[in-house]
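Asks: Got a structure for you, questions after.
Protein chains: 4
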Amino acid sequence: MGLSERRLKIGVMGASSCDARTAALAEDVGRFIARAGAVLICGGGAGVMEAASRGASRSGGLVVGILPAEDESKANPYVGIPIVTGMGNARNAINALTCHSLIAISGGPGTLSEIALALKVGTPVVGLTVRPRPSRLSKSRLNSPRLVY
Amino acid sequence: MGLSERRLKIGVMGASSCDARTAALAEDVGRFIARAGAVLICGGGAGVMEAASRGASRSGGLVVGILPAEDESKANPYVGIPIVTGMGNARNAINALTCHSLIAISGGPGTLSEIALALKVGTPVVGLTVRPRPSRLSKSRLNSPRLVY
Amino acid sequence: MGLSERRLKIGVMGASSCDARTAALAEDVGRFIARAGAVLICGGGAGVMEAASRGASRSGGLVVGILPAEDESKANPYVGIPIVTGMGNARNAINALTCHSLIAISGGPGTLSEIALALKVGTPVVGLTVRPRPSRLSKSRLNSPRLVY
Amino acid sequence: MGLSERRLKIGVMGASSCDARTAALAEDVGRFIARAGAVLICGGGAGVMEAASRGASRSGGLVVGILPAEDESKANPYVGIPIVTGMGNARNAINALTCHSLIAISGGPGTLSEIALALKVGTPVVGLTVRPRPSRLSKSRLNSPRLVY
């Protein structure tokens with residue numbers, strides 16, 4: 001796979017722990033990335049990162065995990081190529097430079113820093129989140145169940 | 150200056166270009182930090198960073214600039230100790246870990262990433278900005294001119 | 299490619315410019331790595347890195363380039379997955395942690411730093427170089443032309 | 448301390464554990480650096496780094512420690528300004544760029560990587576070590592006890 005075949009790299013960033021609906025969303029995103037022939041770049045950890053990695057890997061995609069740790073055993077099992085930085089959150093700047101675009105799913109300050117670093121260097125960012133569980137009163141508005149994760 | 154005298158390190162983060170009122174605010178903050186006996190940590194650049202450095206330096210304080218560039222000539226003239234990282238925005242993670250607390254003044258995505266990285270590692274953050282210039286209608290609310298920068 | 303298929307990662311480090319015999323050696327090493335089913339990790343630049351990347355890429359292997367620059371256009375054309383660190387020589391520490399073993403071919407201080415960083419974290423290192431051009435007197439010792447690059 | 452007073456920064460690199468004679472050498476070097484009015488830059492750790500820091504600090508000098516850890520409690524007690532990188536050996540590249548010159552004392556692969564990174568970016572390096580303990584036979588050559596550490 002050389003220059004002529006150099007593939008699109010899409011990053012998925014998000015919390016290292018998440019609820020089932022957020023994981024389902026992330027897994028779908030990973031699947032779509034793989035089916036589109038792009039490489040999934042992520043932090044290689046658990047939660048949103050693992051769910052997206054699982055989606056991509058099970059669809060035959062390649063997953064690159066840019067790990068904060070010094071040890072690749074910390075990568076989730078769906079990471080095909082762990083990049084072991086040993087530099088903690090400083091690796092977030094690598095994600096921002098490496099991805100052609102970045103999808104942020106849920107997440108806290110770590111994910112916010114990746115969004116900000118991406119914007120700083122001009123990498124396009126899309127934010128996704130699950131719809132809050134509808135209360136009884138608003139249930140009637142749920143007319144598009146395919147969008148609910 | 151050893152352990153017993155190890156001083157508080159306060160970070161000032163912000164845009165690398167700013168208007169005069171923001172610069173005046175940053176310079177005051179730098180001055181207060183120096184007078185309190187703390188070391189000013191900043192990115193070593195222009196704008197808010199330079200104004201804060203000038204305030205601290207002119208009050209006899211020590212300014213450490215953690216530079217993204219590979220060359221210390223890029224440091225503003227008030228930086229006493231340039232730390233030359235050569236690692237671009239990845240150095241923002243160093244600021245977040247090094248400062249005991251961080252003051253963000255104005256700024257864009259770069260500053261946002263520093264705020265997020267600080268919150269991620271538990272470093273307290275304070276955000277400051279200048280009050281928007283009052284329109285005629287709201288002028289009567291300006292009863293505290295000492296707060297206006 | 300998930301955990302069960304996680305492949306060996308072999309690094310090739312060396313000078314960013316080199317003579318033809320050194321390039322031929324590096325290209326052969328890249329070819330052997332690809333044929334063994336391993337991923338080639340390199341700095342993504344020219345010289346030894348490009349020759350090894352060419353060898354691996356032309357044998358159907360995957361090449362990951364961990365770039366010092368902020369821009370993936372700096373990668374040699376055989377890099378399939380550029381990791382854009384924007385952190386100059388600090389990325390050498392990533393190479394040392396990421397590779398399961400590292401082959402150093404020729405090179406100067408940059409390559410030496412990668413060897414040292416690899417030894418520091420326990421990554422095995424092999425050094426290769428071309429045989430000095432034989433003088434007339436020693437020519438008779440040249441009985442194994444297949445080893446000469 | 449601004450630009451006009453920006454001081455020379457001398458790095459001392461070396462093993463994180465060392466024997467008493469090497470420590471004595473490092474402490475002397477730290478003392479000389481402080482007396483010359485320069486800032487001592489080091490990795491902030493134990494062994495050679497701590498001995499040099501002690502020498503500089505006790506002579507009234509300023510010690511900046513560029514720490515690999517994520518926590519400044521890891522700094523030796525003579526470090527006045529800990530820079531907390533959280534990026535392991537990647538911080539060696541910062542030392543190489545930050546120091547105006549670098550003195551390597553004893554040490555293993557980590558120190559070797561710092562020497563190589565310094566040479567790579569053009570920072571002058573001096574290597575020092577203690578004289579091997581003289582055997583009986585060579586004892587008569589010991590005519591300059593002031594040089595023995």
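Residue numbers (this note's numbering), protein chains in the order written: chain L, 1 to 149; chain R, 150 to 298; chain H, 299 to 447; chain W, 448 to 596.
Each residue gets a CB set at the ideal place from its N, CA and C atoms; glycine is no exception.
1. Using 7 Å as the cut-off, classify the Cβ of W:ALA503 as near or not near the heavy atoms of the ligand SAH, replying yes or no.
2. Out of R:ALA245, R:SER206, R:HIS249 and R:ASN238, point me to the one whose CA is closest to R:ILE230's CA.
3. H:VAL337 and H:VAL362: beta carbons closer than 8 Å?
4. To be precise: take each residue of the stretch 460 to 493 of chain W, compare its Cβ to all Cβ atoms of chain L, and keep it if any distance is under 9 Å. Which residues remain?
5. Using CA coordinates, which residue listed in W:LEU559, W:ILE513 and W:LYS567 is at the minimum distance from W:LEU575?
6. Short of 7 Å Cβ to Cβ, which residues in the stretch 59 to 76 of chain L face chain W?
7. Between L:GLU50 and chain H, is the shortest Cβ-Cβ distance under 8 Å, so that the two count as touching?
8. Could you check whether the stretch 323 to 330 of chain H touches the stretch 344 to 354 of chain H, counting it as contact only if at least three pairs of C-beta atoms, one from each stretch, sit closer than 8 Å?
9. Check the Cβ-Cβ distances between R:LEU246 and every residue of chain W, and say whether any is below 8 Å.
10. Using the beta-carbon count (16 or more within 10 Å), is W:PRO524 buried or exposed?
11. Assuming H:ALA394 and H:GLU412 are in contact, meaning their beta carbons sit under 8 Å apart, how far apart are those beta carbons, in whole angstroms?
12. Measuring CA to CA, which of H:ARG304, H:GLU303, H:GLU325 and H:ARG305 is closest to H:VAL428?
13. Mapping the DSSP letters down to three states, classify L:GLY47 as helix, strand or coil.
14. Using the three-state DSSP reduction, which class does W:SER553 fall into: helix, strand or coil?
15. For H:LEU400, decide whether its Cβ has a neighbour in chain W, counting only Cβ atoms nearer than 8 Å.
16. Going along chain R in order, which residues have a C-beta closer than 9 Å to the C-beta of L:ALA93?
17. For a cutoff of 8 Å on Cβ pairs, would you count W:GLY569 as touching chain R?
18. Take R:ARG184 as the anchor and find which of R:ARG282, R:CYS248 and R:LEU157 has the nearest alpha-carbon.
19. At 8 Å on the CB atoms, spell out the chain R contacts of W:VAL531, in chain order.
20. Rounding to the nearest angstrom, what Cα-Cα distance links W:GLU452 and R:ILE243 in this structure?
21. Can you name the residues of chain H whose CB is closer than 7 Å to the CB of W:GLY557?
22. Between H:GLY405 and H:ALA313, which are expected to be in contact by the criterion C-beta below 8 Å, what is the C-beta distance as a whole number of angstroms?
23. Taking Cβ-Cβ distances shorter than 7 Å, what residues in chain L pair up with R:ALA205?
24. How big is the Cα-Cα spacing for H:GLY408 and R:ARG170?
25. Under DSSP, the beta strand (DSSP E) around H:GLY378 begins and ends at which residues?
26. Report the rounded CA-to-CA distance for L:GLU70 versus R:ALA173, giving the unit in angstroms.
27. Going along chain R, which residues have a C-beta under 7 Å from L:LEU117?
28. Would you give the residue range spanned by the beta strand (DSSP E) that R:GLY179 belongs to?
29. Give a yes or no on whether the C-beta atoms belonging to L:LEU67 and L:VAL84 are separated by under 8 Å.
30. Under 8 Å between the Cβ atoms of W:ILE488 and W:GLY507?
31. Return the first residue and the last residue of the beta strand (DSSP E) that L:LEU97 is part of.
32. Cβ of L:ASP127 less than 8 Å from any chain H Cβ?
33. How would you call H:GLY343, buried or exposed, if buried means at least 16 neighbouring beta carbons within 10 angstroms?
34. With 16 other CB atoms within 10 Å as the buried threshold, where does R:MET162 fall?
35. Going by C-alpha to C-alpha distance, which of H:GLY335, H:CYS316 and H:GLU370 sits closest to H:GLU348?
36. Tell me L:VAL121's beta-bridge partners as DSSP assigns them.
Replies: According to the data block:
1. In the structure shown, the ligand SAH is absent, as is every other ligand, since no ligand is present at all.
2. As a working note, residue 230 of chain R is residue 81 in the second sequence. Comparing alpha-carbon positions, the option among R:ALA245, R:SER206, R:HIS249 and R:ASN238 lying closest to R:ILE230 turns out to be R:SER206.
3. In the third sequence, counting from the first residue as 1, residue 337 of chain H sits at position 39. In the third sequence, counting from the first residue as 1, residue 362 of chain H sits at position 64. Yes, these two residues count as a Cβ contact at 8 Å.
4. Those would be none; no residue qualifies.
5. Here residue 575 of chain W corresponds to residue number 128 of the fourth sequence, with the count starting at 1. Comparing C-alpha distances from W:LEU575 to each of W:LEU559, W:ILE513 and W:LYS567 shows the shortest one belongs to W:LEU559.
6. Within the stretch 59 to 76 of chain L, the residues whose Cβ lies closer than 7 Å to some Cβ of chain W are GLU70, listed in chain order.
7. Walking along the first sequence from the start, residue 50 of chain L turns up at place 50. Among the residues facing chain H, L:GLU50 is not included, as its CB has no counterpart in that chain under 8 Å away.
8. In short, these stretches touch, since the Cβ pair count reaches three.
9. In the second sequence, counting from the first residue as 1, residue 246 of chain R sits at position 97. Judged by the 8 Å Cβ criterion, R:LEU246 is in contact with chain W.
10. As a working mapping, residue 524 of chain W is identified with position 77 in the fourth sequence. By the neighbour-count criterion, in which a residue is buried when 16 or more other Cβ atoms sit within 10 angstroms of its Cβ, W:PRO524 is exposed.
11. Start at 1 with the first residue of the third sequence, and residue 394 of chain H comes out as number 96. Start at 1 with the first residue of the third sequence, and residue 412 of chain H comes out as number 114. A Cβ-Cβ distance of about 6 Å is found for the pair H:ALA394 and H:GLU412, placing them in contact under the 8 Å criterion.
12. By one-based count along the third sequence, residue 428 of chain H stands at place 130. Selected option, being the one with the closest Cα: H:GLU325.
13. Translated into the one-based positions of the first sequence, residue 47 of chain L becomes position 47. Three-state DSSP puts L:GLY47 in coil, outside helix and strand.
14. On the fourth sequence, residue 553 of chain W is found 106 positions in, with the first residue counted as 1. DSSP places W:SER553 in the coil class of the three-state scheme, outside both helix and strand.
15. Walking along the third sequence from the start, residue 400 of chain H turns up at place 102. False, the Cβ-Cβ gap to chain W never drops below 8 Å.
16. As a first step, residue 93 of chain L must be located in the first sequence, where it is residue number 93. The contact set of L:ALA93 on chain R, defined by CB atoms closer than 9 Å, consists of MET236, GLY237, ASN238, ALA239, ARG240, ASN241, ALA242 and SER262 in chain order.
17. Here residue 569 of chain W corresponds to residue number 122 of the fourth sequence, with the count starting at 1. Not one chain R Cβ lies under 8 Å of W:GLY569.
18. Your numbering for residue 184 of chain R matches position 35 in the second sequence. Here the closest residue by C-alpha is R:LEU157.
19. For the purposes of this step, residue 531 of chain W is taken as the residue at position 84 of the fourth sequence. The contacting residues are ILE243, LEU246 and THR247.
20. On the fourth sequence, position 5 is the one that residue 452 of chain W refers to. On the second sequence, position 94 is the one that residue 243 of chain R refers to. Straight-line Cα distance between these residues: approximately 25 Å.
21. Mapped onto the fourth sequence, residue 557 of chain W falls at position 110. By Cβ distance, chain H contributes LYS418.
22. Looking up residue 405 of chain H in the third sequence gives position 107. Looking up residue 313 of chain H in the third sequence gives position 15. Their Cβ separation, rounded to whole angstroms, is 4 Å, which keeps H:GLY405 and H:ALA313 in contact under 8 Å.
23. Numbered from 1 along the second sequence, position 56 holds the residue referred to as residue 205 of chain R. Near R:ALA205 there are no residues of chain L at all, since even the closest Cβ is about 25 Å away, more than 7 Å.
24. Within the third sequence, residue 408 of chain H is the residue found at index 110, counting from 1. Within the second sequence, residue 170 of chain R is the residue found at index 21, counting from 1. Distance between the alpha carbons of H:GLY408 and R:ARG170: 46 Å.
25. Numbered from 1 along the third sequence, position 80 holds the residue referred to as residue 378 of chain H. Segment: none, H:GLY378 is in no beta strand (DSSP E) and carries neither H nor E.
26. The residue labelled residue 70 of chain L in the question sits at position 70 within the first sequence. The residue labelled residue 173 of chain R in the question sits at position 24 within the second sequence. Rounded to the nearest angstrom, the two C-alpha atoms are 43 Å apart.
27. The residue labelled residue 117 of chain L in the question sits at position 117 within the first sequence. Going along chain R in sequence order, the residues near L:LEU117 (Cβ under 7 Å) are ASN238 and SER262.
28. As a first step, residue 179 of chain R is located in the second sequence; it is residue number 30 there, counting from the start. Boundaries around R:GLY179 are those of the alpha helix (DSSP H), 169 to 184, since no beta strand (DSSP E) includes it.
29. The sequence position of residue 67 of chain L within the first sequence is 67, counting from 1. The sequence position of residue 84 of chain L within the first sequence is 84, counting from 1. For the 8 Å CB-CB criterion, L:LEU67 and L:VAL84 form a contact.
30. Numbered from its first residue, the fourth sequence carries residue 488 of chain W at position 41. Numbered from its first residue, the fourth sequence carries residue 507 of chain W at position 60. Contact flag unset, no.
31. Sequence index remark: in the first sequence, residue 97 of chain L carries index 97 (1-based). Looking at the DSSP string, L:LEU97 is not in any beta strand (DSSP E); the run it does join, the alpha helix (DSSP H), is 92 to 98.
32. Walking along the first sequence from the start, residue 127 of chain L turns up at place 127. Before going on, a small fix: residue 127 of chain L reads as Gly here, not Asp. False, the Cβ-Cβ gap to chain H never drops below 8 Å.
33. Here residue 343 of chain H is taken as the residue at index 45 of the third sequence, counted from 1. By the 10 Å Cβ count, H:GLY343 comes out buried.
34. Residue mapping note: residue 162 of chain R aligns to position 13 of the second sequence, counting from 1. With 16 or more other Cβ atoms within 10 Å, it is buried.
35. The residue you call residue 348 of chain H lines up with position 50 of the third sequence. Relative to H:GLU348, the option among H:GLY335, H:CYS316 and H:GLU370 whose CA is nearest is H:CYS316.
36. Translated into the one-based positions of the first sequence, residue 121 of chain L becomes position 121. In DSSP, L:VAL121 forms no bridge with anything.
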